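Chemist: Structure in structure tokens, see below.
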Amino acid sequence: MGHVVIRNLQKEYIERRCKGRSSDNSSGDRGDNIPVLSNITAEFNEGEMVCILGPSGCGKSTLLRIIAGFDKSFSGSVLIDGKMINGPNPNHIFIFQQGSLFPWMTVWQNIGLGLRYMKDRNMMKGKIRKYVDMVELEGFEYHYPYQLSGGMQRRVELARALAVNPDLLFMDEPFTGLDFLTHMRLREEVVNMHEFIGKTIIFVTHDIDDALIMGDRVVVLGGRPACIKLTCELDFPRPRDFENMPELSRLRSEIFFMLGVPCAV
Ligand SMILES: Nc1ncnc2c1ncn2[C@@H]1O[C@H](COP(=O)(O)OP(=O)(O)OP(=O)(O)O)[C@@H](O)[C@H]1O
Ligand SMILES: [Mg+2]
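Each residue of the sequence shown is one higher than the one before, counting from -19 in the working numbering.
This is how it looks when you write it as structure tokens:
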């Protein structure tokens, strides 16, 4: 489960015009079509951690939303496990860029959200406990999201997603806004969890180091409209580090160059 095939995907948005802002109303209020994604063709294997990388505004979230079935207005095809996508799938979980914990629920309730229909209440409690422990939030079970730090909130989201044992996990820049140390820690946790659960994860980031340290595969988007600039398997052992892996370091420089930063430090 979690095998993804994307063929010739194209996406454009319609630019809405504010009435009265433009004297040219030749196309009515509908506005122009703005191409965002062009000719995206890729295949992700079951169990892979795929990192989609690209500069801000290039269309990463748009692509992720399409694969997750939230956006149906595109051309081309997206197949998951051999089936054309047709809307969001309850076995696929999306962790949004903006965060999506329910503020009126405690950590325990948020993590247990997808398990609430389990008939065996003890089994349900055991599962919630397992994921609370996995993200090291013992002692915070009855705290509300506003009582947690940004990193702790992200960990609750991760636990809530993993608790339902999804076939596919979509993560849209889940480390946004975290301090450096929390970012590093969570990055390690996500890698460990991926090794443990073995599910397909599609992870969107603009951080080249995250993509190269975490991914089994990296897909680099760039240009306007965005197309795939590079896709490659990252067959490097873990834990990875740039200092002792010259090939990884060379790839890092290549991607920086590709994204318009010729001499990264
Ligand atoms: N609903 C929408 N209507 C019109 N244009 C949109 C819409 N959503 C996104 N866009 C445009 O599409 C482009 C890609 O947006 P998207 O959010 O996919 O970028 P991104 O790569 O995820 O950026 P970031 O790294 O900043 O999150 C941007 O130019 C954005 O303005
Ligand atoms: Mg985005």
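By construction, the Cβ of each residue, glycine as well, lies at the ideal position given by its N, Cα and C atoms.
Keep in mind that this is a model prediction, so the values were computed, not measured.
What are the boundary residues of the alpha helix (DSSP H) that Y111 is part of?
Modeler: 101 to 114 is the extent of the alpha helix (DSSP H) around Y111.
Chemist: Could you tell me if K(-9) is buried or exposed, where buried requires 16 or more neighbouring beta carbons within 10 angstroms of its beta carbon?
Modeler: By the neighbour-count rule (16 or more Cβ atoms within 10 Å), K(-9) is buried.
Chemist: Using DSSP bridges, identify the partner residues of G202.
Modeler: DSSP output for G202 lists C207 as bridge partner(s).
Chemist: Of the residues S18, W88, E175, which one's Cα is nearest the Cα of D113?
Modeler: D113 has its Cα closest to that of W88, out of S18, W88, E175.
Chemist: Between C212 and ligand 1, is there a pair consisting of the residue's CB and a ligand heavy atom that are separated by less than 7 Å?
Modeler: No, the beta carbon of C212 sits no closer than 7 Å to any heavy atom of ligand 1.
Chemist: DSSP beta-bridge partners for M64?
Modeler: Looking at the DSSP assignment, M64 forms a beta bridge with L59.
Chemist: Going straight from the alpha carbon of M132 to that of H163, what length do you get?
Modeler: Spanning the two alpha carbons is a distance of roughly 11 Å.
Chemist: When DSSP labels each residue in this structure, what does E137 get in the three-state scheme?
Modeler: Helix at E137.
Chemist: N13 lies in the beta strand (DSSP E); which residues open and close that run?
Modeler: Its beta strand (DSSP E) spans residues 13 to 24.
Chemist: Is D190 helix, strand or coil by DSSP?
Modeler: D190: helix per DSSP, three-state reduction.
Chemist: Is it the case that the region 38 to 56 contacts the region 161 to 175, given that we only count it when at least three CB pairs across the two stretches are under 8 Å?
Modeler: Judged by Cβ distances under 8 Å, the region 161 to 175 makes no contact with the region 38 to 56, as fewer than three pairs qualify.
Chemist: For V241, count neighbouring Cβ atoms within 10 angstroms of its own Cβ and tell me buried if that reaches 16, exposed if not.
Modeler: V241 comes out exposed.
Chemist: For ligand 2, enumerate in chain order all residues having a CB closer than 7 Å to any of its heavy atoms.
Modeler: The answer, residue by residue, is K40, S41, Q77, D152, E153, V184.
Chemist: Pick from T21, M85, R(-4), Y97: whose alpha carbon is nearest that of G11?
Modeler: Measuring from the Cα of G11, the nearest candidate turns out to be R(-4).
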